[in-house]
Amino acid sequence: MGGERGNGANSERGRSRFRNLWKPYSRVPLLGWFFGALVAVTLERLAGTPLAQFLGLQKIPVLFGFSVMLKNPVLIPNVILYTLIIYGVPTAVATRLCIPLANGIAASLFRFPMAVTAAAHLALLYAILHVWAEISDYRVLVLRLTLIAVMLTLSLNVINGYMGEFSCSHPGFMALGAYCASVLTIGLFVNAQLLGTASLPAALGPFLFPVALILGGLVASFGALFVAIPSFRTRGDYLAIISLAFLFIVKSLIENLEFVRGPRGLSGQPDWADLPTVFLWTVLCVWSINNFVRSTIGKALNAVRDNEMAADAMTVDTRRTKMVAFLFGAFWAGVAGGLFAHVMRYVNPGNFGIQNLAEVLAMVYFGGLNSVYGSIVGAVSISLLGEALRPLEIFKWIIIPLLLILVMIFRPTGLIAFRDLDVANLLKPKPKPDGEG
Amino acid sequence: MRTRSLVGVFVLLGFLTFFPSGWVQAQTIKIGINAELTGDIPKVGEGTKFAAQMWLEDVKAAGGLAVGGKKYPVELVIEDNESKAESAVKAATKMITEDGVLVMVGPQASKQAVPAGGIANNYKTPMITPWSTNPDTTKDRPFVFRACFLDPFQGPVLANFITQEFKFTKAAVLYDVASDYPKGLAEFFKKAWEGLHGPGSVVAYESFTTKDTDFSSQLTKINNSGAQVLFTPQYYNEVALIVQQAHQLGWKKPIVGSDSWGSAETVSLCGKDCYGLFFSTHYAAAGATGATKAFIDRYQKKHGYVPDDVAALTWDAMLLVQKAIEDTGGLTGDLKKDRENVRSAMGRITKFKGITGEMTFSGGGDPSKCAVIVRISDKGQFEFYKSACP
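As given, the protein sequences belong to chains C and U, one line each in that order.
If you read the first sequence in the numbering used here, its first letter stands for residue 309, the second for the next number, and so on.
If you read the second sequence in the numbering used here, its first letter stands for residue 136, the second for the next number, and so on.
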């Protein structure tokens, strides 16, 4: 499109034309981008396979063609062309064409209560994800695990970012939630021997699944009490060590519990954590954590982080604040653990170890402390990057840490740190600025 | 001008929508390798990859895989599962739904193989794990097979061997309570031993936790219990510590181990203390003959070290896959049907002569095969002593 070749005046003209091309996009509301993305994924659904074959790719490249490009570098131009034709151009064109329409709809949606507006946007977002993922079961799986990673990262950000403690017990909370939810669902619906009661009819399952998840979250919260209480007296490194100890306690507790089959692990969870369920829980998690950190207690949390003594002097109940934040973060980690167990349909104490901790911490610090945006960006980018670079085998473990180091050098608090997620601002229509006609 | 290029794009897209789907390609057989190439146990993944690539060389040298009188080219789809359960599941889903593999080999460790087996079974794709011993991997999963014997078999084999060889009646067990494999095997051994010699004949049943390095309190108890033999189904690094500490504490009676001893590291860490001890395993590298020797020599020449049991079992798994594909009598080209045919062909395999012994699948996914009792020679080599069959 934009002619960037040439020299002198020509290149100047090219640049200004490019700026003119980009200008209208500053007026696109979120809804407009959603429209554009929906067009792109629908197009892939309709014309993806023939186009991929036309370009010499055997199938639609699943994750934007990373694995194809890494395994067969000759196909790089084809993959890029595919990505442009399917995602780039249609999104740009459709978004550009429906700016007035999108702004109109966004404006009329904006007159409804915020809940309705948000729900409409979320429905559209889900539609995009659904159409995109329907191409392949692999996409569905990656998407589900990525959404769970978002939940985990956000819940850890409450403690490590907003409260400023360095907690290492997150995989422990996750394990508690995973095991509790699994014991309930397996015991009640699959294998009567586990709990010693008769199996319930399977039809009840999907209704009781949220209950199992919430109970898993509550058990994780209860476990968090054991970290929260010592956290009144210790900070920094000491708390990190206490929480690390908690992680090991949980792990060896499960390893020694014959009731949940110890180190052999628990398998056979019913397949209830499908894409809509995981999406819904992620939305709930983002919504509640966003509200939590924007509430008075969230601000109190920041005060505790910046100076605990000053906060105490300013009538912040530091004990209560820390306690609530810990239990709240642990609750969502437990729910995410329960979902994880039902996506994998197998849990093993070995799944919840130091490696898992390192991954979640990397997502939090990569994305940005003290920011809901940052957590989402961190979780999604590290998950997708990890998946896309897997064909590189050992080099992947060099590239991703290197990226982390670079981020830490140039943005020490993460990519998008200390930014509020203001839903109203995000969803509002963007009519023409006053200066222009 | 912009409009014109837009029109161009749409015309192109419209053309593509009606483009007849694809060219006819020569049908290749794809075999997925889901291996632990990075993470906790990279050596296991390396052995898997090397053995699979050696197999591929053979097939390529033969001009492809002959099925039903037609030669098909073979391609390996190697995916790294990072020794993580979720990556194993992702890799399995990817190779089954995206790459369209006919059969999947691996993952090796049970932590990965159990969830990946669930995926393979859901998509009705045959999977064979060379090394996973957890019963859950194949339980109630008609599409999942394994190439190794199971702990419920190995436990009794060892109990019988000790009884016949030494005529002992009192045994002690020392195992890692936090690790899946030693714990299971210790339980099966105890059950078998008590079945032979009556309840209470396991006079000491002591445990420790992964990464413990001091076993003196457990070993003192075992010393005082009057046991005639110590059974310890541990991995090589712990074996060295346990054996050396036992000897320091005055234990002079035999110590017997299981297939987890079968690593070259066992002897290099343990030294002379381990000479003369027995353990059960899948194959004995020293003094091997025939195909087993050929495999070991070739592997050693190419990669510079004696292959351990993972590589040998992977080799057998690849040959099992080859035999199952050949036994189908011809590929239909419909992946779903072919997978089903390969599965039923694999379930029918009897008396398959692998380098780790003769295997027969009788219905389920677990082979009945012989175990080998190995003696660590005075030169530190693993010598074939006798074989024990079900």
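Yeah, the Cβ is synthetic: ideal placement off N, Cα and C, and Gly gets one too.
Only a predicted model underlies this, so the values are computations on that prediction, with no experimental measurement involved.
From Ala321/U to Asp315/U, what distance separates their C-alpha atoms?
As a working mapping, residue 321/U is identified with position 186 in the second sequence. As a working mapping, residue 315/U is identified with position 180 in the second sequence. Cα to Cα, Ala321/U sits roughly 10 Å from Asp315/U.
Interface residues of chain C around Leu237/U at Cβ under 9 Å?
Locating residue 237/U in the second sequence gives position 102, counting from the first residue. Near Leu237/U there are no residues of chain C at all, since even the closest Cβ is about 15 Å away, more than 9 Å.
What does the alpha-carbon distance come out to for the pair Thr403/C and Lys225/U?
Taking the first residue of the first sequence as 1, we reach residue 403/C at position 95. Taking the first residue of the second sequence as 1, we reach residue 225/U at position 90. Roughly 33 Å between the two C-alpha positions.
What are the boundary residues of the alpha helix (DSSP H) that Glu695/C is part of?
For the purposes of this step, residue 695/C is taken as the residue at position 387 of the first sequence. Start and end: 680-696.
Which whole runs of the beta strand (DSSP E) in the region 444-525 of chain U are 3 residues long or more, in chain order?
Complete beta strand (DSSP E) runs here, min 3: 487-489, 492-496, 502-504, 506-511, 517-523.
Taking 8 Å as the CB-CB cut-off, is Leu172/U touching chain C?
Here the question's residue 172/U lines up with position 37 in the second sequence. Taking Cβ atoms only, chain C reaches closer than 8 Å to Leu172/U, which makes this a yes.
Could one say the Cβ of Lys738/C lies closer than 8 Å to chain U's Cβ atoms, at least one of them?
Reading the first sequence from its first residue, position 430 is the one you call residue 738/C. Not closer than 8 Å to any Cβ of chain U, the Cβ of Lys738/C fails to qualify, so no.
Are any of the Cβ atoms in chain C nearer than 8 Å to that of Ala313/U?
If you number the second sequence from 1, residue 313/U lands on position 178. Interface residue, yes.
In angstroms, rounded to a whole number, what distance separates the CA positions of Asn257/U and His332/U?
By 1-based counting over the second sequence, the position of residue 257/U is 122. By 1-based counting over the second sequence, the position of residue 332/U is 197. Distance between the alpha carbons of Asn257/U and His332/U is about 44 Å.
Express the C-alpha separation of Arg321/C and Arg543/C in angstroms, rounding to a whole number.
By one-based count along the first sequence, residue 543/C stands at place 235. By one-based count along the first sequence, residue 321/C stands at place 13. Spanning the two alpha carbons is a distance of roughly 58 Å.
Using a C-beta to C-beta distance shorter than 9 Å, which residues of chain C count as neighbours of Gly253/U?
Walking along the second sequence from the start, residue 253/U turns up at place 118. By Cβ distance, chain C contributes Ser575, Gly576, Met652, Arg653, Tyr654.
With a cut-off of 8 Å, does the C-beta of Lys326/U fall near any C-beta of chain C?
Walking along the second sequence from the start, residue 326/U turns up at place 191. Chain C contact via Cβ: absent.
Who does Lys206/U pair with in a DSSP beta bridge?
If you number the second sequence from 1, residue 206/U lands on position 71. Paired residues: Ala201/U.
Give, in chain order, every residue of the region 426-451 of chain C whose Cβ lies closer than 7 Å to some Cβ of chain U.
So the close ones are Ser444, Asp445, Tyr446, Leu449, Val450.
Please list, in chain order, the chain C residues whose beta carbon lies closer than 7 Å to that of Asn269/U.
Within the second sequence, the letter at position 134 stands for residue 269/U. Simply Arg572.
On the CB-based measure, 16 or more other CB atoms within 10 Å of its CB, does Tyr440/U come out buried or exposed?
One-based indexing of the second sequence puts residue 440/U at position 305. Exposed is the call here.
For Ser522/U, tell me which candidate among Arg510/U, Lys514/U, Met453/U has the shortest Cα-Cα distance.
Here residue 522/U refers to the residue found at position 387 of the second sequence. Of the listed residues, the one whose Cα sits closest to Ser522/U is Arg510/U.
For a test of the three-state rule: what should DSSP assign to Glu341/U, helix, strand or coil?
Translated into the one-based positions of the second sequence, residue 341/U becomes position 206. DSSP places Glu341/U in strand when its eight states are reduced to three.
Any idea what DSSP makes of Asp311/U, helix, strand or coil?
Within the second sequence, the letter at position 176 stands for residue 311/U. Strand.
The beta strand (DSSP E) with Val672/C in it runs from where to where?
Counting from 1 along the first sequence, the entry for residue 672/C is found at position 364. Unbroken run through Val672/C is the alpha helix (DSSP H), 662-675; no beta strand (DSSP E).
Look at the alpha carbon of Phe350/U and the alpha carbon of Thr427/U, and state the distance between them as a whole number of angstroms.
Translated into positions along the second sequence, residue 350/U becomes position 215. Translated into positions along the second sequence, residue 427/U becomes position 292. If you take the alpha carbons of Phe350/U and Thr427/U, they lie about 37 Å apart.
Report all residues from its chain with a CB closer than 8 Å to the CB of Phe624/C; omit the five preceding and five following residues, and keep chain order.
Start at 1 with the first residue of the first sequence, and residue 624/C comes out as number 316. The amino acid occupying residue 624/C in the given sequence is Val; Phe does not appear at that position. Cβ within range, chain order: Ala608, Ala611, Val612.
Which partner residues does Met262/U have in the DSSP bridge list?
Numbered from its first residue, the second sequence carries residue 262/U at position 127. Bridge partners of Met262/U: Met239/U, Val279/U.
Can you tell me which of the three DSSP states Tyr418/U falls into?
Mapped onto the second sequence, residue 418/U falls at position 283. Note: Tyr418/U maps to coil in three-state DSSP.
Would you say Asp473/U faces chain C, with C-beta separation under 8 Å as the test?
Residue numbering aside, residue 473/U sits at position 338 when the second sequence is read from its first letter. So, not an interface residue.
What does Ile702/C touch in chain U if you count any residue whose Cβ is under 7 Å from its own?
As a working note, residue 702/C is residue 394 in the first sequence. What Ile702/C touches in chain U: Thr173.
One question on the structure: do Glu493/U and Cys505/U come within less than 8 Å of each other, judged by their Cβ atoms?
Position 358 of the second sequence holds residue 493/U. Position 370 of the second sequence holds residue 505/U. Yes; because the gap between Cβ atoms is below 8 Å, this pair is in contact.
Run through chain C and tell me which residues come within less than 9 Å of Lys428/U, C-beta to C-beta.
Residue 428/U sits at position 293 when you count from the first residue of the second sequence. Residues of chain C passing the Cβ test: none, with the nearest at roughly 31 Å.
Please report how far the alpha carbon of Met631/C lies from the alpha carbon of Leu697/C, in whole angstroms.
To locate residue 631/C, count along the first sequence from 1; it is residue 323. To locate residue 697/C, count along the first sequence from 1; it is residue 389. Using only the alpha carbons, I get a separation of about 39 Å.
Tell me which residues of the region 680-710 of chain C have at least one Cβ-Cβ distance to chain U shorter than 9 Å, keeping chain order.
If the cut-off is 9 Å between Cβ atoms, the region 680-710 of chain C has Gly694, Glu695, Arg698, Pro699, Leu700, Glu701, Ile702, Lys704, Trp705 near chain U.
List the residues of chain U whose Cβ lies closer than 7 Å to the Cβ of Gly658/C, in chain order.
Here residue 658/C refers to the residue found at position 350 when the first sequence is read from its first residue. Within chain U, the residues near Gly658/C are Lys246.
Measuring alpha carbon to alpha carbon, tell me which of Gln188/U, Pro250/U, Thr344/U ends up nearest Asn564/C.
The residue given as residue 564/C occupies position 256 in the first sequence. The candidate whose alpha carbon is nearest that of Asn564/C is Thr344/U.
Pick out whichever of Thr467/U, Tyr371/U, Thr449/U, Leu455/U has its Cα sitting closest to the Cα of Ser267/U.
As a first step, residue 267/U must be located in the second sequence, where it is residue number 132. Nearest option by C-alpha distance: Thr449/U.
What does the alpha-carbon distance come out to for the pair Tyr207/U and Gln457/U?
Here residue 207/U refers to the residue found at position 72 of the second sequence. Here residue 457/U refers to the residue found at position 322 of the second sequence. Cα-Cα distance, rounded: 12 Å.
Name the chain U residues that come within less than 9 Å of Lys367/C, Cβ to Cβ?
Within the first sequence, residue 367/C is the residue found at index 59, counting from 1. Those are Glu233, Asp234, Gly235, listed as they occur along chain U.
Is Thr391/C near the ligand NAD, in the sense that its beta carbon is under 7 Å from a heavy atom of that ligand?
With respect to the ligand NAD, the structure shown offers nothing to examine, as it has no ligands at all.
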